[in-house]
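In full-length UniProt numbering, the protein residues as written are 1 to 257.
Next comes the structure, spelled out in structure tokens:
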């Protein structure tokens, strides 16, 4: 009886063990499948990670290049700003120079108009004696004193330019005899009119023209005297003191010296 019971117990225990083994095998199969799936997922994630790393490298490289470009652009921007400031300063200077030139141009045009009128007047004086005052005409007629503009000989190409320079010598007579000076002065006082009297007997030696490229010569180099006596040398000696230049600026600079 005991043997039968032992046998049945053994069978039940064996069956229980088989069921446990079967259950464990099923779990093992499930675990194996799960591990396989996990391994596949892990490999997929690793692949994605590698791709992300490569993308990050590209992004980092692009970011570095972009940073370099930004630095270069900012440097160029600063350089352009400096150039712009420099150009603004130059523009201001040029604008001021332009205003100065315009102002000088206005002055020169005014002087040109004045000189043109003077030249026209001087032309009349040279053609006829209507421009001379009464006293000059009197000395010319009664004392045979030469009138300076009448005896000057100016080349045609220099005529208009030198007429403007000689404006202050229009009412001038030539007195070569110093003994007549008192008589001339008495008559001038009685007439109560002023006249420029050019005393040629002062016989000063001519001045040497300074060596300067801006100086084109003295006034005596550009005119002559029709009379060939001692009056000529005295007059040309006097006009050697007047220097001729091309521009007003040259005259100003030389005057400063």
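Beta carbons: idealized from backbone N, C-alpha and C, even for Gly.
Burial is judged here by how many other beta carbons sit within 10 angstroms of a residue's own beta carbon; residue 235 has at least 16 and is buried. Taking all protein chains in view, the Cβ of residue 46 is surrounded by fewer than 16 other Cβ atoms within 10 Å, so the residue is classified as exposed. With a threshold of 16 other beta carbon atoms within 10 Å, residue 252 falls short and is exposed. Out of 213, 190, 232, the CA that lies nearest to the CA of residue 135 is found in 190. Short of 7 Å from the beta carbon of residue 226, and not among the five residues preceding or following it, lie these beta carbons of its own chain, in chain order: 151, 153. Residue 27 and residue 62 have their C-alpha atoms roughly 51 Å apart.
In the three-state scheme derived from DSSP, where H, G and I count as helix and E and B as strand, residue 212 is classed as coil. Assignment of beta-bridge partners to residue 243 by DSSP yields 218. Burial is judged here by how many other beta carbons sit within 10 angstroms of a residue's own beta carbon; residue 7 has fewer than 16 and is exposed. Contact between residue 108 and residue 171 does not hold, since the beta-carbon distance rounds to 27 Å and is not under 8 Å. In this structure residue 182 is not in contact with residue 218, their Cβ atoms being roughly 32 Å apart against a cut-off of 8 Å. Only buried fits residue 146, as 16 or more other CB atoms lie within 10 angstroms of its CB. With a beta-carbon spacing of about 7 Å, residue 246 and residue 216 fall inside the 8 Å limit used to define contacts.
Between residue 184 and residue 175, the CB-CB gap stays under 9 Å. For residue 150, the uninterrupted alpha helix (DSSP H) segment begins and ends at 148 to 151. Assignment of residue 50 by DSSP, reduced to helix, strand and coil, places it in the helix class. By the C-beta density criterion, residue 244 is buried, having at least 16 other C-beta atoms within 10 angstroms.
In the three-state reduction of the DSSP assignment, residue 224 falls in the strand class, which pools E and B. Separation of residue 12 and residue 20 (C-alpha to C-alpha, rounded to the nearest whole angstrom) is 12 Å.
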